[in-house]
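Working notes, beginning with the structure itself.
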Amino acid sequence: MMKQLKNIDTAFKHIRLFSAVLVIACCITCIYSIYTCLEVVNNAQQKIYLISDGKAIEAFAANRKDNVQVEARDHVKVFHERFFTLSPDEKTIESNMRQALNLADASAKTQYNDLMEKGYYRSIISGNVSQQVQCDSIVLNMEKQPIYFRYYGKQQIIRPTAILIRNLVTEGFLRDLKERSDNNPHGFLIERWAILSNNDIETIKR
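Structure (structure tokens):
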């Protein structure tokens with residue numbers, strides 16, 4: 001009788017141990033499954049799809065800090081492209097200037113007003129002149145806020161009889177607005193913008 005009770009007690013201990021191991025294994029499996037599901041959901045949320053020329057292109061979301069230099073340079077580049085790309089069409093000039101002035105403070109508006117007063121845009125239209133700008137480099141100082149930048153590029157003024165090449169060096173500061181919009185997709189604002197150099201380099205006859 002005692003032997004049977006001892007066997008029952010031993011069997012009960014084995015069952016209890018097996019049950020404990022089974023419960024622990026189930027808990028580990030559940031935790032792993034939950035973790036895996038969360039990882040899959042998180043990775044899925046990091047993916048976006050862009051439509052370009054009717055094709056879906058997969059892209060990945062990233063922290064703004066990872067791309068701040070890229071975004072800052074592109075903001076400066078786009079501003080200069082909008083401000084200095086001109087054609088002999090009043091509506092095109094107004095559209096480009098409106099887009100440029102959305103990216104900068106009153107310092108850019110002051111430059112625009114000065115050119116307006118000097119009749120620069122009227123001469124572009126009346127003379128059938130077009131103007132383009134090419135970026136050579138953009139230097140950033142990320143050590144302080146707002147971010148200091150210096151833009152180096154070349155300006156091409158195309159007239160009916162000649163093409164004038166000018167150097168273009170500007171400087172300013174980038175303030176992080178902490179929010180984006182359709183008119184300002186990078187969320188920066190150019191401040192204290194100034195043209196340092198804009199001299200003739202070469203004239204090419206057409």
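The sequence shown begins at 1 in the working numbering and counts up by one.
Cβ atoms here follow ideal geometry from the backbone N, Cα and C, with glycine treated the same way.
Computed from a predicted model, the values in this text were never measured in an experiment.
- Only residues of its own chain outside the window of five on either side were considered, and among them Arg82 have a CB closer than 6 Å to the CB of Gln99, listed in chain order.
- At the C-beta level, Val133 and Phe84 come within 8 Å of one another.
- Remark: fewer than three beta-carbon pairs, one from each stretch, lie closer than 8 Å, so the region 94-113 and the region 135-151 are not flagged as touching.
- With fewer than 16 other Cβ atoms from the protein chains shown falling within 10 Å of its own Cβ, Ala25 counts as exposed.
- By the Cβ-count criterion, Gln155 is buried, with 16 or more other Cβ atoms from all chains shown falling within 10 Å of its own Cβ.
- DSSP places Thr161 in the coil class of the three-state scheme, outside both helix and strand.
- In the DSSP annotation of this structure, Lys178 is not part of any beta strand (DSSP E), being labelled neither H nor E.
- Per DSSP, the beta-bridge partners of Thr170 are Tyr151 and Ile195.
- Using a Cβ distance threshold of 8 Å, Asn167 and Asn102 do not count as a contacting pair.
- Boundaries of the alpha helix (DSSP H) around Glu90: Glu90 to Leu101.
- When the Cα atoms are used, Thr203 and Ala162 turn out to be separated by approximately 7 Å.
- Nearest to Thr170 by C-alpha distance, out of Ser181, Ile195, Asp182 and Tyr148, is Ile195.
- Judged by beta-carbon spacing, Ile158 lies beyond the 8 Å limit of Ser123, meaning their Cβ atoms are not closer than that value.
- For Glu143, no beta strand (DSSP E) run applies, since DSSP gives it neither H nor E.
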